[in-house]
Amino acid sequence: MAPRIPDTAEEALEIGRAHYPPVGSPGGPSGLFVHEFDVGYLIHASWPAPEGPAGMPRDPGGSHVVIAKRDGGVTAVPNFPPESAVEVYRRYHRPRP
């Protein structure tokens, strides 16, 4: 099956949901967000704050997901601030001469 090509940020978010646990589920994100840029949509999650005084911060690992506007391709990028994650994506997906 060919990847679905998103026409809007909402469609990209729907595609991106398949790459994260359900929002609000135990251990899942508290929200998913879309950062649109020229060649794709960066999907990134927010995580609930630790509970109680002994609550440890959530492991900062993981990744964001980019959905390409051109072909719907899905690429995992590091869990960096959005602009930095987009730059990593661009580095690996720049047009070849």
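Here the working numbering is used: the sequence shown runs in plain steps of one and ends on residue 178.
By construction, the Cβ of each residue, glycine as well, lies at the ideal position given by its N, Cα and C atoms.
As the structure is a computational prediction, the values presented were derived from the model and not from experiment.
When the five nearest sequence neighbours on each side are left out, the beta carbons in the same chain lying within less than 8 Å of the beta carbon of D152 are those of P84, I86, in order along the chain.
Excluding its 5 nearest sequence neighbours in each direction, P103 has C-beta neighbours in its own chain below 6 Å: G109, listed in chain order. Separation of Y170 and Y122 (C-alpha to C-alpha, rounded to the nearest whole angstrom) is 11 Å.
In the three-state scheme derived from DSSP, where H, G and I count as helix and E and B as strand, P110 is classed as coil. Taking C-beta separations shorter than 7 Å and ignoring five residues to either side along the sequence, E95 has no partners in its chain.
Beta-bridge analysis with DSSP links G121 to F118, A149.
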